[in-house]
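Peer 1: Here it is, the structure in full.
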Amino acid sequence: MENEMAALGSFAPIILMIIIFYFMLYRPQKKARDERDKMLSSLQVGNRVITIGGMYGTITALTDETVRLKVADKVELEFARASINGVAPDGKS
Numbered sequence: 008m009e010n011e012m013a014a015l016g017s018f019a020p021i022i023l024m025i026i027i028f029y030f031m032l033y034r035p036q037k038k039a040r041d042e043r044d045k046m047l048s049s050l051q052v053g054n055r056v057i058t059i060g061g062m063y064g065t066i067t068a069l070t071d072e073t074v075r076l077k078v079a080d081k082v083e084l085e086f087a088r089a090s091i092n093g094v095a096p097d098g099k100s
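Dropping the structure here:
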């Protein structure tokens, strides 16, 4: 009985570290991923966005996989939807 308690006591720090890693690493990443997925699914034509490369543009067309951005007069570029980093601060919500 005493040996079983000692064995259980030696696993306690490992279990505690796993719990700490879960709350410090996994949960914040999952929350950020969920927020990003929500942002990507709520994109609309007319939103001003910034890409992961730092390019600003206004959405002119959307598909499930791609986004077409107007970056200047007569200049439209097509990006993968996943390459959108976020809605620009002056963008429409």
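Read in order, the letters of the sequence shown correspond to residues 8 to 100 in the working numbering. Here a beta-carbon is modelled for each residue, glycine too, at the ideal position from N, C-alpha and C. None of these values were measured; they are calculated from a predicted model.
Since residue 56 contacts residue 67 with CB under 8 Å, what's their CB separation in whole angstroms?
Peer 2: Here residue 56 is taken as the residue at index 49 of the sequence shown, counted from 1. Here residue 67 is taken as the residue at index 60 of the sequence shown, counted from 1. Contact doesn't hold; Cβ gap of about 11 Å is too wide.
Peer 1: In angstroms, rounded to a whole number, what distance separates the CA positions of residue 87 and residue 33?
Peer 2: Walking along the sequence shown from the start, residue 87 turns up at place 80. Walking along the sequence shown from the start, residue 33 turns up at place 26. Whole-angstrom Cα-Cα distance: 26 Å.
Peer 1: Check residue 45 in the structure and name its three-state DSSP category.
Peer 2: Residue 45 sits at position 38 when you count from the first residue of the sequence shown. Residue 45 falls in the helix class under three-state DSSP.
Peer 1: Is it the case that the Cβ atoms of residue 76 and residue 60 are separated by a distance below 7 Å?
Peer 2: Position 69 of the sequence shown holds residue 76. Position 53 of the sequence shown holds residue 60. No; because the gap between Cβ atoms is not below 7 Å, this pair is not in contact.
Peer 1: Any idea what DSSP makes of residue 92, helix, strand or coil?
Peer 2: Along the sequence shown, read from residue 1 onward, the residue named residue 92 stands at position 85. Three-state DSSP puts residue 92 in a strand.
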